[in-house]
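Written below as C-alpha cells is the structure these notes are about.
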Amino acid sequence: MIDVLNPADGTLVGQVEHHSEAQVRAAIDRTCAAFPAWSRTLARERSALLRAWFDLVSADKTAFAELMCRENGKCMSEAFGEIDYGLGFVEWYAEEAKRVYGDTIPTHAKDAAVIVTKEPVGPVASITPWNFPFMMITRKVATALAAGCTILLKPAEETPLTAYKLLEYARRAGIPEGVFEMVTGDPVQIGKLITDDPRIRKISFTGSTAVGKLLAAQCAGTLKKMTMELGGNAPFIVFDDADLDEAAKALVSAKLRNSGQVCISPNRVYVQASIHDAFVQRVKALVEAIPVDQGLQDRFVVGPLINRAAIDKVGKLVDDSRERGAKAVLGGHAHAKGGLFYAPTILVDVADDMPIASTEIFGPVFPIYRFSTEAEVIARSNDSEYGLVAYAFTRDLGRSFRLSRNIEAGMVILNSGSVGTASVPFGGVKQSDYGREGSHHGIEEYVHVKYTLMAGLA
Ligand code: NAP
C-alpha cells in the first residue's frame, strides 16, 4: 500500500494500492479492450455520461474539498475554486463531445467526393501531478472520454485519494470499467509499461519538464501522440502606468495560490524602477495580512508545501539568493510553525544571474527585479527555457499588443492574475509544453484527421 500523508501535520489521510506490474498490465488491457465499443458510442451518449459524472460530483463538493485539503494542504476556498474549475472541464467537454466536426472539401477529381472526419486517437494513458489533485484528473479524463478515447490514469503518489474518489463517482455515473481506469504504484515502472505498449496511442502528461522529456524519449519507440504540460518560469511585469493596487492584489493572489506550487505561479516579478518601492510596499502589506496555517478552515491561508524535498528546495534558493545580495523585506526562512510551512517571502535586489531567476521556485517566494524599459523587460522575460505564461500590468493599449506579440509564452495575461477556465486553450511554448488543454483546441489533441476519397461516383 502507499500511505498518503497530510502535509500540514504528517498524519495518515489514507492508503491506496501499490499496483504490481501484472495489475498495471491488466489495467492497460482493460483500457485497450474497451476502446472499440467506446469509440463507437454516440457523442450524445458520452455527453450524457459526462454530465451524470458532473452532477454527482457537484452534489458532493464539500467531501471532495475536505479530502483535497487533507492530502494536498490547500485551504477550503482554494479547494472549492479548484473543484469548480475542474468540473468546468467535465461540463465543457460533455458539450464539446457533440461538436467534433469534420469537413467536406471541394473535390479535385471528377465523380469523386472528399470527406474529412475526426476519429479518436485510441486508448490514452495519462500521468498527473499533485498540485491540482482534482482539476488535473477531470481536465484529462473529460477530454479523452468526450473524444471517444478510453483512458488509463496514474495520479501523483502524494494525492491519489481525490483521484480515486473521482473514479468512484465516475463509476456511479455509469462510466464503465475499461473506459476510465486508474493505477498507482512505481511511477518509473508504470511510465515504462504505458509508453512501451504500442496499443496506447497517446500520452497526456502534466508534471516536471525533466519527467516530460523522459516520457517523450520513451514514447519515441512507438511514436505516440503527446500532450505535455510542463514547468514554467512566469514573468509578472508591472509598468509605471499600471494600477498598482490591482497589480499587487493580482500578484499576491496568483503567487500564494497553493502556496506558490503552481506551474503558472508568477516566478519573476519585474517592476519598473520608478514605482519599485511603492509597489513592494503594497505587496508586503497584502502578504503580511494573510495567515499561514493548515487549510481546513474557511478563511484564505497559506498552507504547507507538499513534502520535505519541496521545503528544502525553496529554503536553498532563498538562502542562496540572499548570500548573493538579495534582501528579504519579508520572511526569508521557514515558518515558525515548523513542519512543511515556509514563511511567505519577498526578495528585492534580485539579479538575473542568480539561480532563483532560472528555477521554478514552487513556493511562496516573490523575487522582485527592477527594470527600465519595455524592450529590456521583454528580452529579460524571454530569456528562459520556459514559455508557459506571462503576466503584465499596463494601461497602454499599444504596449499591450506589443507584449502579446513579443512575449514568448503560450498565454499572455494582461491586467489580471487569473488564467484558467475550461473555455480557453491552456498551454505553453518552448520547454513548457506542447499541446493545449481546454477549449475546442483541447479535444483536437485526442483525435486524428482522416481523409477519405470516394471516387467512381459517376
Ligand atoms: P513530477 O515529479 O514530474 O511528477 C508528475 C507525475 O509524474 C507524478 O504522477 C509522478 O509520479 C510521475 N513520475 C515521476 N517520475 C516518473 C517517471 N520516471 N516516469 C513516469 N512518471 C513519473 O512533477 P511534480 O513535482 O509532481 O509536479 C510539479 C511539476 O509539474 C512542476 O514542474 C509544475 O510546473 C508542473 N506542472 C505543470 C502544469 C502545466 O499545466 N503546465 C500544471 C501543474 C504542474 P509519483 O507522484 O508517483 O512520483
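Numbering (full-length UniProt numbering), first residue to last: 1 to 458.
Here a beta-carbon is modelled for each residue, glycine too, at the ideal position from N, C-alpha and C.
{"Check": "Using the Cβ count rule (16 or more neighbours within 10 Å means buried), how would you classify His108?", "Outcome": "exposed"}
{"Check": "With distances taken between CB atoms, is the gap from residue 467 to Gly14 smaller than 8 angstroms?", "Outcome": "It is not possible to answer for residue 467, since the shown part of the chain is limited to 1 through 458."}
{"Check": "Along the chain, where does the alpha helix (DSSP H) containing Ile83 start, and where does it finish?", "Outcome": "76 to 96"}
{"Check": "In terms of residues, what are the limits of the beta strand (DSSP E) holding Gly14?", "Outcome": "12 to 16"}
{"Check": "Any beta carbon of chain B sitting closer than 8 angstroms to that of Arg324?", "Outcome": "Looking at the structure shown, chain B is missing, and only one protein chain is on hand."}
{"Check": "Please go through the same chain and pick out, in chain order, the residues whose beta-carbon is closer than 6 angstroms to the beta-carbon of Thr452, but skip the five residues on each side of it.", "Outcome": "Ile115"}
{"Check": "What does DSSP give as the partner residues of Gly387 in its beta bridges?", "Outcome": "Val429"}
{"Check": "What does Leu50 pair with, by DSSP beta-bridge criteria?", "Outcome": "DSSP output for Leu50 lists no bridge partner at all."}
{"Check": "How is Gln261 classed by DSSP in three states: helix, strand or coil?", "Outcome": "coil"}
{"Check": "Compute every distance between the C-beta of Gly148 and the non-hydrogen atoms of the ligand NAP, then say whether any falls below 7 angstroms.", "Outcome": "no"}
{"Check": "Give me the Cα-Cα distance between Tyr93 and Gly332, rounded to the nearest whole angstrom.", "Outcome": "43 angstroms"}
{"Check": "How about Gly303 and Ala22: do their beta carbons lie closer than 8 angstroms?", "Outcome": "no"}
{"Check": "In the DSSP output, which residue or residues are listed as bridge partners for Lys154?", "Outcome": "Ile127"}
{"Check": "I believe Val283 touches Ile194 by the beta-carbon criterion, under 8 angstroms. Please report the beta-carbon distance rounded to the nearest angstrom.", "Outcome": "Actually they are not in contact, since the Cβ atoms of Val283 and Ile194 sit about 43 angstroms apart, beyond 8 angstroms."}
{"Check": "Please specify which runs of the alpha helix (DSSP H), each continuous and at least 4 residues long, are wholly inside the stretch 255 to 312, giving them in chain order.", "Outcome": "276 to 288"}
{"Check": "Compare the Cα-Cα distances from Pro266 to each of Gln294, Ile237, Ala273 and report the closest residue.", "Outcome": "Ile237"}
{"Check": "Which value, in whole angstroms, describes the spacing of the CA atoms of Val389 and Arg40?", "Outcome": "37 angstroms"}
{"Check": "Quick check on residue 463: does DSSP put it in helix, strand or coil?", "Outcome": "Residue coverage of the chain in this structure runs from 1 to 458, which leaves residue 463 outside it and unanswerable."}
{"Check": "Report yes if the C-beta of Cys263 is less than 7 angstroms from at least one heavy atom of the ligand NAP; otherwise report no.", "Outcome": "yes"}
{"Check": "Starting from the Cα of Glu168, find the closest Cα among Val269, Val211, Lys110, Phe64 and give me that residue.", "Outcome": "Phe64"}
{"Check": "Assess contact between the stretch 376 to 394 and the stretch 424 to 440, defined as three or more Cβ pairs (one per stretch) separated by less than 8 angstroms. Is contact present?", "Outcome": "yes"}
{"Check": "Out of curiosity, what's the CA-to-CA distance linking Lys110 and Val100?", "Outcome": "28 angstroms"}
{"Check": "Alpha helix (DSSP H) containing Ala142: first to last residue?", "Outcome": "135 to 147"}
{"Check": "Heavy atom of the ligand NAP less than 7 angstroms from the Cβ of Thr206, yes or no?", "Outcome": "yes"}
{"Check": "With respect to 7 angstroms, is the separation between the Cβ of residue 459 and the closest non-hydrogen atom of the ligand NAP below this value?", "Outcome": "Since the first residue shown for the chain is 1 and the last is 458, residue 459 is missing from the structure and cannot be characterised."}
{"Check": "Nearest CA to the CA of Ser423: which residue from Gly435, Ala409, Ser439, Asn415?", "Outcome": "Ser439"}
{"Check": "Should Val269 and Asn131 be called a contact, given that it needs their Cβ atoms to be closer than 8 angstroms?", "Outcome": "no"}
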